[in-house]
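Just so you know, we're using the numbering used here here: the sequence shown kicks off at 6 and counts up by one. Glycine included, each C-beta is placed from N, C-alpha and C at the ideal position. Nothing here was measured: the structure is a model prediction, and the numbers come from that model.
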Amino acid sequence: MRLRYAIILLLILIAQASAEQTWDLSILRVNLYPPDAEVQQGQPLMITIYVGNNEGSQFSGAVSVSLYVDGFLKSREDWYIGNLSIGSIPIPPGGYRTIVTNLETSTLTIGVHELRVEISPKGYTDPNKDDNSYSINFVIVPLVNPFIEADSEVLQGKEFDVKVQIPNPRSEPLEGIKVRLFVNGSEIGTKESYVPPRMISAVKFSYKPLNVGTILLDALITRDDQPMGRASLSVTVKPSCDLLIERVQLSERIFAGEPISGKLMLKNMGLSASRVNVTFFIDGEAVESKSIDFIDPGEGTELEFNLDVALGMGSHTMTFKLIPLDADDLNPSDNEYSFSFRIIPVPISLSARSSGSDIYVNLTNLADLLTNVEVSLLRNGSEVTRFNATLEAGSSKLIPIRGLDPGNYTIAVYSHGSIVSSTEVSVEGGMKPESPFWLLAVVPIAAALVYYMLTRRKRRAWPSS
């Protein structure tokens, strides 16, 4: 009899213990704060867990809450429900209570993460564990939202500035901030920064691209080696050259009517090849343009020119202007070169002699080009005659001027309006007839003289009587 009672009592105790070791709890839902599930890196993510009681009696006891991020356990803590001494109310049958906890995000990377919440009653076994976990996504955003300022287009081989702007919307300063700048994945520099509350600080970098194309600038903001923010910007690198005029071969004195010829020595000191347009200016007016094929980096070329331009006597200025066609010039200030020269008359050698009433003018062209000259004959400052003469290169020409009165004469030779040589000559013999009637006076006088001479000779020859 006693054995029967002992067995019955043992079964009752086992059943009671079994009943106390199981409890069906569930997670009804999980809410996150901020409501959009975006939290700044380093700021806590607030989690509200709705724990439901699926049993027919109220639940009081400890609940273990585990938080997993991307499958890795981040925290586990026990919560006591139904402890009236601390203000915790039991979960009624079929009801729920909330558990509010936080997730530390300082070690999480920026981006989307999966949060899995698991609960289990302490000291109990949950007969239905399928509803004991709940998954939800959240996003880690930068604690600061930096941005990069730089030109959208830059020149190859020319250094440009990159400014990383770091705003701080918080009421506390951002201290110990490091800014790392990457170009196409390679780090080019690290600088520290301090951002006052509700202010923006700029960190300046410089970079010189050597290749043409698109480069990606990445700025990473860290504190204590933990990322706080990131910014990116694409920049286009345009080809560049550096043209210069090394030397000019051009005579400083050019004869009037002579083509302006010379040679330019050009060089490309830049990083990219380019075709070149060369424009020639004389006294500010464009007179001709020439194109040059590609000049490779570090290479040079020569350009010969021959300009047939009519210019007046005196000083002139020639300017050469280079315009690259396939690249931008890094130093356009040396793309122009000016050169002064003078247009001078063609040198003419002049000599003259007189013979009777004639003057013979001898002209010699001392230049290597054909030229036209004007010859003016003057007497006592008044022009007697003027005529033109054409002289071949290096040739001489004898020009007679006939029937002149006795006197002193000046001969002047003009080339393109300027006197180039002059000389004086005297005409002593001959008389230029003023009227055909002068013979009426001369002939009788000459006849009388002849008669006198003849009769005088005869008288000397006759004997005296």
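**Request:** Can you check the region 305 to 338 for any beta strand (DSSP E) of at least 3 residues that lies completely inside it and give the ranges in chain order?
**Result:** 305 to 312 and 319 to 329
**Request:** Could you please give me the residues that DSSP links to K127 through a beta bridge?
**Result:** Position 122 of the sequence shown, counting from 1, holds the residue named residue 127. Answer is none; K127 lacks a bridge partner.
**Item:** Residue closest to I404, alpha-carbon to alpha-carbon, out of P302, A224 and S356
**Value:** By one-based count along the sequence shown, residue 404 stands at place 399. Residue S356 is the option with its Cα nearest to I404.
**Asked** Does DSSP put D136 in a helix, a strand or coil?
**Response** To locate residue 136, count along the sequence shown from 1; it is residue 131. Helix.
**Prompt:** Quick one: any contact between the region 212 to 220 and the region 123 to 141, if contact means 3 or more CB pairs under 8 Å?
**Reply:** no
**Prompt:** Quick one: what does DSSP say L14 is sitting in, helix, strand or coil?
**Reply:** Locating residue 14 in the sequence shown gives position 9, counting from the first residue. For L14, the predicted model reports a pLDDT of 44, less than 50, meaning its position is unreliable; a value from the coordinates is still stated below. Helix.
**Asked** With a CB to CB cut of under 6 Å and the five nearest residues on each side skipped, what residues in its chain are close to F187?
**Response** Translated into the one-based positions of the sequence shown, residue 187 becomes position 182. D223, listed in sequence order.
**Item:** Beta-carbon proximity of F286 to V292, cut-off 8 Å
**Value:** Against the sequence shown, residue 286 aligns to sequence position 281. Against the sequence shown, residue 292 aligns to sequence position 287. Yes, these two residues count as a Cβ contact at 8 Å.
**Prompt:** Starting from K272 and walking both ways along the beta strand (DSSP E), at which residues does that stretch end?
**Reply:** Translated into positions along the sequence shown, residue 272 becomes position 267. I265 to N273 is the span of the beta strand (DSSP E), which, as asked, contains K272.
**Asked** When the distance is taken between beta carbons, is K213 closer than 8 Å to D166?
**Response** Position 161 of the sequence shown, counted from the first residue, corresponds to residue 166. Position 208 of the sequence shown, counted from the first residue, corresponds to residue 213. No; because the gap between Cβ atoms is not below 8 Å, this pair is not in contact.
**Prompt:** Beta-carbon separation of I145 and T114 under 8 Å?
**Reply:** For the purposes of this step, residue 145 is identified with residue 140 of the sequence shown, where counting begins at 1. For the purposes of this step, residue 114 is identified with residue 109 of the sequence shown, where counting begins at 1. Yes. Within cutoff.
**Burial state of Q26, where buried means 16 or more other Cβ atoms lie within 10 Å** = To locate residue 26, count along the sequence shown from 1; it is residue 21. So Q26 ends up on the exposed side.
**Request:** Could you name the residues of the same chain whose beta carbon sits closer than 8 Å to that of I406, not counting the 5 residues immediately before and after it, in chain order?
**Result:** As a first step, residue 406 must be located in the sequence shown, where it is residue number 401. Once the five neighbours on either side are set aside, the close Cβ partners of I406 are D363, I364, Y365, V366, L382 and T390.
**Request:** Report the rounded CA-to-CA distance for Y73 versus N59, giving the unit in angstroms.
**Result:** Position 68 of the sequence shown, counting from 1, holds the residue named residue 73. Position 54 of the sequence shown, counting from 1, holds the residue named residue 59. When rounded, the distance between both Cα atoms is 24 Å.
**Request:** Determine, using beta carbons only, whether N282 and L330 come nearer to each other than 8 Å.
**Result:** Along the sequence shown, one-based indexing puts residue 282 at 277. Along the sequence shown, one-based indexing puts residue 330 at 325. In this structure, L330 lies closer than 8 Å to N282 by Cβ.
**Request:** Could you tell me how far apart the beta carbons of P411 and E433 are, in whole angstroms, since I believe they sit closer than 8 Å?
**Result:** Within the sequence shown, the letter at position 406 stands for residue 411. Within the sequence shown, the letter at position 428 stands for residue 433. Their Cβ separation, rounded to whole angstroms, is 6 Å, which keeps P411 and E433 in contact under 8 Å.
**Message:** Between N150, V159, I86 and E164, which has its C-alpha nearest K127's C-alpha?
**Reply:** As a first step, residue 127 must be located in the sequence shown, where it is residue number 122. Minimum Cα distance to K127 is reached at I86.
**Prompt:** Under the three-state reduction of DSSP, which class applies to I300: helix, strand or coil?
**Reply:** Here the question's residue 300 lines up with position 295 in the sequence shown. Strand, per DSSP.
**Prompt:** Are there 16 or more other CB atoms within 10 angstroms of the CB of P350, so buried, or fewer, so exposed?
**Reply:** By one-based count along the sequence shown, residue 350 stands at place 345. By the 10 Å Cβ count, P350 comes out buried.
**Message:** Using only the alpha-carbon positions, how far apart do I328 and S245 sit?
**Reply:** In the sequence shown, the residue the question calls residue 328 occupies position 323. In the sequence shown, the residue the question calls residue 245 occupies position 240. For I328 and S245, the distance between alpha carbons rounds to 12 Å.
**Message:** Give me the residue from V430, E177, T241 and L255 with the minimum Cα distance to S266.
**Reply:** Taking the first residue of the sequence shown as position 1, residue 266 is located at position 261. Among V430, E177, T241 and L255, the Cα nearest to that of S266 is on L255.
**Request:** May I ask which residues mark the beginning and end of the beta strand (DSSP E) holding V70?
**Result:** Position 65 of the sequence shown, counted from the start, is the residue given in the question as residue 70. DSSP places V70 in the uninterrupted beta strand (DSSP E) bounded by G66 to V74.
**Asked** CA-CA distance, T53 and I104?
**Response** In the sequence shown, residue 53 corresponds to position 48, counting from 1. In the sequence shown, residue 104 corresponds to position 99, counting from 1. Looking at the two C-alpha atoms, the distance is approximately 6 Å.
**Message:** Considering only the alpha carbon of each residue, which of S71, K196, N385 and L368 lies closest to A394?
**Reply:** Position 389 of the sequence shown, counted from the first residue, corresponds to residue 394. Nearest C-alpha to A394: L368.
**Pairwise C-alpha distance: V149 and A20** = In the sequence shown, counting from the first residue as 1, residue 20 sits at position 15. In the sequence shown, counting from the first residue as 1, residue 149 sits at position 144. At A20 the pLDDT is 43, less than 50, meaning the model places this residue with poor confidence and gives no usable figure here.
**Asked** Relative to the alpha-carbon of T195, which residue among I182, S206, E158 and E251 has its alpha-carbon at the smallest distance?
**Response** In the sequence shown, residue 195 corresponds to position 190, counting from 1. Out of I182, S206, E158 and E251, I182 has the C-alpha closest to the C-alpha of T195.
**Message:** At 3 residues or longer, what runs of the beta strand (DSSP E) sit wholly inside the region 372 to 441?
**Reply:** 376 to 384, 387 to 396, 401 to 406, 412 to 420 and 423 to 432
**Message:** Let me check understanding here. Comparing Cα to Cα, which of E158, L335, Y342 and T322 lies closest to A278?
**Reply:** Here residue 278 is taken as the residue at index 273 of the sequence shown, counted from 1. Comparing Cα-Cα distances from A278 to each of E158, L335, Y342 and T322, the minimum goes to L335.
**Message:** I need the DSSP call for I91, collapsed to helix, strand or coil.
**Reply:** As a working note, residue 91 is residue 86 in the sequence shown. The answer is helix: DSSP assigns I91 an H, G or I state.
**Request:** Tell me where the beta strand (DSSP E) around N150 begins and ends.
**Result:** Residue numbering aside, residue 150 sits at position 145 when the sequence shown is read from its first letter. Looking at the DSSP string, N150 is not in any beta strand (DSSP E), and its letter there is neither H nor E.
**Message:** Between the alpha carbons of T227 and I96, how many angstroms are there, rounded?
**Reply:** Here residue 227 refers to the residue found at position 222 of the sequence shown. Here residue 96 refers to the residue found at position 91 of the sequence shown. Cα to Cα, the separation comes out at about 45 Å.
**Prompt:** Which residues mark the beginning and the end of the beta strand (DSSP E) in which D166 is found?
**Reply:** As a position in the sequence shown, residue 166 is number 161, starting the count at 1. Bounds of the beta strand (DSSP E) holding D166 are F165 to N173.
**Request:** Tell me, please, whether the region 313 to 325 touches the region 339 to 354 by the rule of three or more beta-carbon pairs shorter than 8 Å.
**Result:** yes
**Item:** Residue from L160, N370, D156 and L271 with nearest C-alpha to L215
**Value:** Residue numbering aside, residue 215 sits at position 210 when the sequence shown is read from its first letter. Looking at the Cα atoms, L160 is the closest of the given residues.
**Message:** For a test of the three-state rule: what should DSSP assign to G262, helix, strand or coil?
**Reply:** As a working note, residue 262 is residue 257 in the sequence shown. The answer is coil: DSSP assigns G262 none of H, G, I, E or B.
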